[in-house]
Amino acid sequence: MGLFRLVALGTAGAIAYKLWKDRQARDAAATSSYDRGDVTPPHGDPLIGAATASWEPEPATPAAQSSRGFGDT
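For our numbering, count along the sequence shown from 1 and bump the result up by 22.
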């Protein structure tokens, strides 16, 4: 009985998966006709050009250790 139930659930899952994949392909074909290939206008922070970047990075400094006893010998 357990083996029959396992085979029945596997078959039902395989059929459901095939139907789901077919539906995804059909839905994707319908929505792809709406894409006109336009480019999204820039948004967010503007990019800094190489000519205007005259700043230097801050020097690296070691961070303080907050763990008690770390490194004690």
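Ideal Cβ positions, reconstructed from N, Cα and C, are used throughout, including at glycine.
Since we're looking at a predicted model, the values are computed, not measured.
Alpha-carbon to alpha-carbon, residue j and residue i
| i | j | result |
| --- | --- | --- |
| Gly-24 | Val-61 | 56 angstroms |
| Gln-46 | Phe-26 | 30 angstroms |
| Ala-36 | Ala-86 | 58 angstroms |
| Val-29 | Asp-44 | 23 angstroms |
| Leu-31 | Leu-41 | 15 angstroms |
| Asp-49 | Thr-33 | 24 angstroms |
| Tyr-39 | Pro-79 | 54 angstroms |
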